[in-house]
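For the sequence shown, UniProt numbering gives the first residue as 1, with consecutive numbering after it. The beta-carbon is built from N, C-alpha and C at its ideal position, and this holds for glycine as well. Computed from a predicted model, the values in this text were never measured in an experiment.
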Amino acid sequence: MIDPSEDGMTEPVVSLRGVRADLGSRPVLRGIDLTVRHGEVVALLGANGSGKSTAVRSIIGQVQTGAGEIRLFGTDRRRFRDWHRVGYVPQRTTAAGGVPATVTEVVSSGRLSRARFGVLRKADHAAVRAALELVGMADRAKDSVNALSGGQHQRVLIARALASEPELLIMDEPMAGVDLASQEVLAHTLREQVSQGTTVLLVLHELGPLGAPHRPGGRPARRLRRAHGRPPRRRAARPARPRPRTPARTRGPRTDPHGTAELMEILDYAFMQRALLAAVLVGITAPAVGIYLVQRRQALMGDGIGHVAMTGVGLGFLLTWSPVWMATLVSVIGAVLMELIRWYGRTRGDIALAMLFYGGMAGGVMFINLAPTGSNANLTSYLFGSLSTVSESDVTAICILAAFVVLVTLGLRRQLFAVSQDEEFARVTGLPVRALNLLTAITAAVTVTVAMRVVGLLLVSALMVVPVAAAQQIGRSFAATFVIAVAIGVSVTIGGTVTSYYQDVPPGATIVLLTIGAFVVLTALATPLARRRARARNAADPAHDPAECAIPATREPADEVGV
1 MIDPSEDGMT EPVVSLRGVR ADLGSRPVLR GIDLTVRHGE VVALLGANGS GKSTAVRSII
61 GQVQTGAGEI RLFGTDRRRF RDWHRVGYVP QRTTAAGGVP ATVTEVVSSG RLSRARFGVL
121 RKADHAAVRA ALELVGMADR AKDSVNALSG GQHQRVLIAR ALASEPELLI MDEPMAGVDL
181 ASQEVLAHTL REQVSQGTTV LLVLHELGPL GAPHRPGGRP ARRLRRAHGR PPRRRAARPA
241 RPRPRTPART RGPRTDPHGT AELMEILDYA FMQRALLAAV LVGITAPAVG IYLVQRRQAL
301 MGDGIGHVAM TGVGLGFLLT WSPVWMATLV SVIGAVLMEL IRWYGRTRGD IALAMLFYGG
361 MAGGVMFINL APTGSNANLT SYLFGSLSTV SESDVTAICI LAAFVVLVTL GLRRQLFAVS
421 QDEEFARVTG LPVRALNLLT AITAAVTVTV AMRVVGLLLV SALMVVPVAA AQQIGRSFAA
481 TFVIAVAIGV SVTIGGTVTS YYQDVPPGAT IVLLTIGAFV VLTALATPLA RRRARARNAA
541 DPAHDPAECA IPATREPADE VGV
């Protein structure tokens, strides 16, 4: 074995001393010690519930320890910041998230720990390609991860961990749910890493095709057997607004066979100019934020923030301040509270969220009725949207807030994708997960206030979620789904606003129904489109995927380790 002192690496790569950890009231780790030196391969073997995963998750800071010391590369784990030196493969059987993503998009998220300001340069893209080649997935780089087999999913997760070119590779059950052929491919990948001097810490039920991978000239894998470780309502009067004069009452024979002049009549009114501008901004921002909420499986977060924003609207009327800006302030506070509840509780968190949602709506109704200028008409216009009430000050506020939303969702798209895709992995790569989650929640709150004058607080969540759901039917990558969702959002908000003007129907309801219509149409098109893609893929690759071919494992007698 290579002497660590010869490499100038006298400190262990991983060191645990007297580490204790509890899950709930049950002790799992009972004062364990573990040392992993440079170039070693250590496998933690044991039955389910023996504490293997808890041990490795405590090393990367995902499990809170009650006692003991954990050091990485000689640095206390609580002060360790060089997370680009650590690659992590979590215990999961899929690389897919709530929104389609390509293999390259998923693997690229593993390179963010080495990318400056989240911008991938030429060397970063090269490292991503190298990681894909190493696990035999280079030919599937542009495919959606939803189209992969279980073994291929695991290979994508391993490639994501390797993209940062780590010195320490931690793998939690990398063989779980993987067929034998894919196990052989993964074993070959592991041997390649070990031969390059990578230190490996594994959690396994059994070695299987891995044998006992070791560094040439070094010692084989060490095994640790167990780590103990809801009265009738009065109909509200609609706000008065100019009604268009129909051509039949005002004009003689039609001289514009295409109706262009009639259609452009909508722009003669200042309130419609403002409404259309607001509609375009809403169509852009709502899906741009919604895609990250869908990815995080928090699709109803916009609905909750809409309830809370009603209190801000009511306070704006009561204090004679701008309802839009007051709603923004209250929505942001509510979004932060929701995120804090998500962090610090489950059962009690659900109850607290319900109280926050309905308390926000009740507070808004009460404040509007107490306000000297408040009325049911005011309430209705904010709940369901109203084109005639969009003022110049509203448009100014909407433009400023929309600019903020676009800046965040585009400027931090790689980081937000990584956190939305796999929060645990994002923590291990050193991303500020809590800050990014808070920023996502705040951006969602801002989007709700941007959209409430056009769509209404009760329907804004649909515009954040349904375009994304529609785009998922035909999009294969996260970037394509993002673009399609925004295109749908802009189309339905403009279409709904124009329809509302000419047909005198509520704008919010019209926009949402058009969005659902787009979803139905794209869903009907999805199946034949998927079949066409499958035929094209099979024609291009008649030999199928190499993961379905057995790759012999190079196992030597010396690699056998007795139980």
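Among residues of its own chain, excluding the 5 on either side of residue 266, which ones have a beta-carbon nearer than 7 angstroms to its beta-carbon? In the sequence shown, residue 266 corresponds to position 266, counting from 1. If we look at residue 266 and ignore the five residues flanking it on each side, its Cβ neighbours are 272, 498 and 501.
### Query
Of all the options 520, 37 and 305, which has the alpha carbon lying nearest to the alpha carbon of residue 194?
Taking the first residue of the sequence shown as position 1, residue 194 is located at position 194. Of the listed residues, the one whose Cα sits closest to residue 194 is 37.
**Message:** What ranges does the alpha helix (DSSP H) occupy inside the segment 33 to 62, keeping only unbroken runs of at least 4 residues that lie completely in it?
**Reply:** 52 to 59
Exercise for review: Name, in chain order, the residues that DSSP records as bridge partners for residue 199.
Suggested key: Taking the sequence shown and counting its residues from 1, one reaches residue 199 at position 199. In the DSSP output, where bridge partners are listed per residue, residue 199 has 168.
*Between the C-alpha atoms of residue 456 and residue 517, what's the straight-line distance to the nearest angstrom?*
The residue you call residue 456 lines up with position 456 of the sequence shown. The residue you call residue 517 lines up with position 517 of the sequence shown. So the alpha carbons of these two residues sit roughly 19 angstroms apart.
Q) At what residues does the beta strand (DSSP E) containing residue 70 begin and finish? A) Residue 70 sits at position 70 when you count from the first residue of the sequence shown. It spans 67 to 72 - the beta strand (DSSP E) in which residue 70 sits, taken as one unbroken run.
- For residue 84 and chain C, any beta-carbon pair shorter than 7 angstroms? Absence of chain C from the displayed structure is noted, only one protein chain being present.
### Message
In the DSSP assignment, the beta strand (DSSP E) including residue 22 goes from what residue to what residue?
### Response
Taking the first residue of the sequence shown as position 1, residue 22 is located at position 22. Where residue 22 is concerned, the enclosing beta strand (DSSP E) stretches over 14 to 23.
Return the Cβ separation of residue 199 and residue 143 in integer angstroms, given the expectation that the two are a contact with Cβ distance under 8 angstroms. Numbered from 1 along the sequence shown, position 199 holds the residue referred to as residue 199. Numbered from 1 along the sequence shown, position 143 holds the residue referred to as residue 143. That belief does not hold up - the Cβ atoms of residue 199 and residue 143 are roughly 32 angstroms apart, past 8 angstroms.
Less than 6 angstroms between C-beta atoms, sequence neighbours within five positions excluded: which residues of the same chain meet that for residue 11?
Stepping through the sequence shown from its first residue, residue 11 is reached at position 11. Cβ neighbours of residue 11 beyond the five flanking positions: 74.
What is the rounded straight-line gap between the Cα of residue 135 and the Cα of residue 445? Residue numbering aside, residue 135 sits at position 135 when the sequence shown is read from its first letter. Residue numbering aside, residue 445 sits at position 445 when the sequence shown is read from its first letter. Their backbone Cα atoms lie some 41 angstroms apart in a straight line.
Quick check on DSSP: helix, strand or coil for residue 182? If you number the sequence shown from 1, residue 182 lands on position 182. Residue 182 falls in the helix class under three-state DSSP.
- Query: Measuring CA to CA, which of 372, 406 and 465 is closest to residue 318?
  - Reply: Along the sequence shown, one-based indexing puts residue 318 at 318. It is 372 whose Cα lies nearest to the Cα of residue 318.
| query | How should residue 627 be labelled, buried or exposed, when 16 other C-beta atoms within 10 angstroms of its C-beta is the threshold for buried? | reply | The requested residue 627 is not part of the displayed model; the chain covers only 1 to 563.
- Message: Under 8 angstroms: do the segment 421 to 440 and the segment 305 to 313 share three or more Cβ pairs, one atom per stretch?
- Response: no
Inset, instruction - Would you mind working out which of 313, 330 and 405 sits nearest residue 382, comparing C-alpha positions? - result: In the sequence shown, the residue the question calls residue 382 occupies position 382. Nearest option by C-alpha distance: 313.
Original post:
When you compare only the Cα positions, how much space is there between residue 441 and residue 332?
Top reply: Residue 441 sits at position 441 when you count from the first residue of the sequence shown. Residue 332 sits at position 332 when you count from the first residue of the sequence shown. When rounded, the distance between both Cα atoms is 8 angstroms.
Problem - Endpoints, the alpha helix (DSSP H) within which residue 313 is located - result: As a first step, residue 313 must be located in the sequence shown, where it is residue number 313. Here the alpha helix (DSSP H) through residue 313 covers 301 to 318.
For a test of the three-state rule: what should DSSP assign to residue 29, helix, strand or coil? For the purposes of this step, residue 29 is taken as residue 29 along the sequence shown, with counting starting at 1. Three-state result, residue 29: strand.
Alpha-carbon to alpha-carbon, residue 470 and residue 149 = If you number the sequence shown from 1, residue 149 lands on position 149. If you number the sequence shown from 1, residue 470 lands on position 470. Going from the Cα of residue 149 to the Cα of residue 470 covers about 24 angstroms.
task: Taking residue 449 as the reference, give the member of 268, 339, 335 and 109 with the closest Cα.
output: Here residue 449 refers to the residue found at position 449 when the sequence shown is read from its first residue. For residue 449, the nearest C-alpha among the options comes from 335.
Considering only C-alpha positions, which residue in the set 472, 416 and 290 is nearest to residue 463? Along the sequence shown, read from residue 1 onward, the residue named residue 463 stands at position 463. Of the listed residues, the one whose Cα sits closest to residue 463 is 290.
- prompt: On the three-state DSSP scale, how would you describe residue 75?
  reply: Reading the sequence shown from its first residue, position 75 is the one you call residue 75. Residue 75 falls in the strand class under three-state DSSP.
Cβ distance (whole Å) where residue 53 is taken to contact residue 91 below 8 angstroms: Residue numbering aside, residue 53 sits at position 53 when the sequence shown is read from its first letter. Residue numbering aside, residue 91 sits at position 91 when the sequence shown is read from its first letter. Yes, residue 53 and residue 91 are in contact; Cβ-Cβ is about 6 angstroms, under 8 angstroms.
Excluding sequence positions up to five away, which residues of its chain have a Cβ less than 7 angstroms from the Cβ of residue 523?
On the sequence shown, residue 523 is found 523 positions in, with the first residue counted as 1. These residues qualify, in order along the chain: 473.
Beta-carbon spacing of residue 115, residue 63 below 7 angstroms: For the purposes of this step, residue 115 is taken as residue 115 along the sequence shown, with counting starting at 1. For the purposes of this step, residue 63 is taken as residue 63 along the sequence shown, with counting starting at 1. Not a contact, by the Cβ cut-off of 7 angstroms.
In this structure, does DSSP put residue 389 in helix, strand or coil? As a first step, residue 389 is located in the sequence shown; it is residue number 389 there, counting from the start. In this structure, residue 389 counts as coil in the three-state DSSP scheme.
So, with DSSP's three-state summary, where would you put residue 481? Start at 1 with the first residue of the sequence shown, and residue 481 comes out as number 481. It is helical.
| message | Helix, strand or coil, according to DSSP, for residue 10 in the structure here? | response | Position 10 of the sequence shown, counting from 1, holds the residue named residue 10. It is coil, neither helix nor strand.
**Message:** In whole angstroms, give me the CA-to-CA distance for residue 151 and residue 55.
**Reply:** Numbered from 1 along the sequence shown, position 151 holds the residue referred to as residue 151. Numbered from 1 along the sequence shown, position 55 holds the residue referred to as residue 55. Their backbone Cα atoms lie some 25 angstroms apart in a straight line.
For residue 204: DSSP bridge partner residues
Residue 204 sits at position 204 when you count from the first residue of the sequence shown. Answer is 45.
Around the Cβ of residue 173, are there at least 16 other Cβ atoms within 10 angstroms (buried) or fewer (exposed)?
On the sequence shown, position 173 is the one that residue 173 refers to. Counting Cβ neighbours within 10 Å, residue 173 comes out buried, since at least 16 surround it.
Quiz item: Who are residue 144's beta bridge partners in DSSP?
Solution: Mapped onto the sequence shown, residue 144 falls at position 144. Bridge partners of residue 144: 102.
Open item on the list: Here's the rule: buried if 16 or more other CB atoms are within 10 angstroms of the residue's CB, otherwise exposed. What is residue 421?
Closed with: Start at 1 with the first residue of the sequence shown, and residue 421 comes out as number 421. Answer is buried; the Cβ neighbour count reaches 16.
Straight-line gap, residue 19 to residue 158 (C-alpha atoms, nearest Å)
In the sequence shown, the residue the question calls residue 19 occupies position 19. In the sequence shown, the residue the question calls residue 158 occupies position 158. Their Cα atoms are separated by approximately 27 angstroms.
Write down the C-beta distance between residue 300 and residue 461 rounded to the nearest angstrom, noting that I regard them as a contact closer than 8 angstroms.
As a position in the sequence shown, residue 300 is number 300, starting the count at 1. As a position in the sequence shown, residue 461 is number 461, starting the count at 1. That belief holds up - the Cβ atoms of residue 300 and residue 461 are roughly 6 angstroms apart, short of 8 angstroms.
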